[in-house]
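Worksheet for the structure shown next.
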Amino acid sequence: MAGAGMHPYHQQWAAAAAAPPPPAMQPPGAPPAPPPAAAAVHPVPHHSPILAPEEVRTIFITGLPDDVKERELQNMLRWLPGYEASQVNYKGEKPMGFALFSSPPLAIAAKDNLQGLVFDVDMNSVLHTEMAKKNLFVKRGIVVESGGYDQSKRMRTGGDYTHPAYVSPSPFHPPPAPVWGPHGYMAPPPPPYDPYTGYPVAPVPPVPMVAPPPVPTPSSYLPVQNIKDNPPCNTLFIGNLGENINEDELRGLFSVQLGFKQMKVLRQERHTVCFIEFEDVNAATNVHHTLQGAVIPSSGSVGMRIQYSKNPFGKRKDGIYSAVAPGANGNPTTMTFQ
DNA sequence: AGCACA
């Protein structure tokens, strides 16, 4: 079986979620949704200067048995390159499946591959696939129809085919000769399917997998005694961070604060402290207030103390001011003024 | 209470 390829990482939703919510999906044969003025459905994509029509990368699947489970469909589809999400719509007479792929070519490849597949021998169900009219709308990992009724029909899905070179050892074996339905779509017949090499798909530039960095928010706040603060400045001094404070967590917390410029951690004998520079005193003051006493996981059960720094960034004790200015060659040059 | 770096 598929060892390494089995667990989808659910990475591809962001792009889909960024798409504007389309109207509720229609099966390819269905009449178009309420015609908004003259801008009805054009057979040829018409180039609106305002909104380019979205490329369809969703396939429409019929021929599913009445008792098909979304899970069944998903477990079949997840092996197909570029698979992102799927949904079964039970609203009509027969269940209608929709499957979103990462690109139109991958959707077409999947459509051709699934065409004529015997989904259930006993129930004599043979799949029929077409390109959908609209893309399946995926929002934050949850498949939704933008028409938005009946949340109970939603499901979580996902695929992990960002690697075009990866060939899945598919557990299913489509019939050698696809059965063509009565519809008019005439694509060149797919090459013979080899379960050990998969079907050919157009190469897609690999999408770098970027693990989203954890963005810590304070898990709680504890009262801190903050007597003897310094005069307001653009730099905060953070103390009372606990024994084993994690620098990345700290950075995650502070780097998202408005006006954040830089952070410097100072590990000392017993105490770790850190300095945060902000754009201006205002930004520093906000954080001074909002995060006072904040507790993050690695700080244990203590709330951090936030004070203004004695020696703000860019200001030296000896009164020498420094600034970074572009030099004659365009490179930053540190200039000091007395 | 622990305040560096330019």
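Counting from 133, one number per residue, gives the positions in the first sequence under the numbering used here. For every residue, glycine included, the Cβ atom is placed at its ideal position computed from N, Cα and C. Nothing here was measured: the structure is a model prediction, and the numbers come from that model.
Report task. Return helix, strand or coil for D198, following the three-state DSSP convention. Result -> coil
**Report entry** Residues that A217 bridges to, as DSSP identifies them
**Finding:** L232
Query raised in the report: Bridge partners of G555, per DSSP?
Result: The first residue shown for the chain is 133 and the last is 470, placing residue 555 beyond what the model contains.
Report task. Alpha carbon to alpha carbon, how far is V434 from P355? Give it in angstroms, no decimals. Result -> 9 Å
Query raised in the report: By a C-beta neighbour count over all protein chains shown, 10 Å radius and 16 as the cutoff for buried, is E375 buried or exposed?
Result: With fewer than 16 other Cβ atoms inside 10 Å of its own Cβ, E375 counts as exposed.
Report task. Could you check if I359 is buried or exposed, using at least 16 other CB atoms within 10 Å of its CB as the buried criterion? Result -> exposed
Report task. Tell whether a beta-carbon distance below 9 Å holds between M208 and F251. Result -> yes
Report task. Could you check the C-alpha separation between Y293 and G214 for me, to the nearest Å? Result -> Here the model assigns Y293 a pLDDT of 38, short of 50, so the residue's position is not dependable and the matter cannot be decided.
Query raised in the report: Based on the DSSP output, what are the partners of I240 in its beta bridges?
Result: The partner list for I240 (beta bridge, DSSP) is empty, contrary to what the question assumes.
Query raised in the report: Rounded to a whole number of angstroms, what is the C-alpha to C-alpha distance between I370 and F407?
Result: 6 Å
Report task. Report all residues from its chain with a CB closer than 6 Å to the CB of V113; omit the five preceding and five following residues, and keep chain order. Result -> No statement about residue 113 is possible, as the shown extent of the chain runs from 133 to 470 and does not include it.
Query - C-alpha distance - L205 paired with F410, whole-angstrom precision - result: 51 Å
Query raised in the report: Along the chain, where does the alpha helix (DSSP H) that runs through T417 open and close?
Result: V413 to T422
Query raised in the report: Are the beta-carbon atoms of P350 and L246 separated by less than 9 Å?
Result: no
Query raised in the report: Tell me which same chain residues have a C-beta within less than 6 Å of the C-beta of S431, skipping the five on either side of it?
Result: Excluding the 5 residues flanking it on each side, S431 has same chain C-beta neighbours closer than 6 Å at L373, G374 and I377, in chain order.
Query raised in the report: What number of angstroms, rounded off, separates the C-alpha of E187 from the C-alpha of E202?
Result: 25 Å
Query raised in the report: Alpha carbon to alpha carbon, what distance is there between S387 and A231?
Result: The straight-line gap from Cα to Cα measures roughly 38 Å.
Query raised in the report: What's the C-alpha gap between R383 and M395?
Result: Cα-Cα distance, rounded: 7 Å.
Query raised in the report: My guess is that S257 and L212 are in contact by the Cβ rule of under 8 Å, so how many angstroms apart are they, rounded?
Result: Not confirmed; about 18 Å, so no contact.
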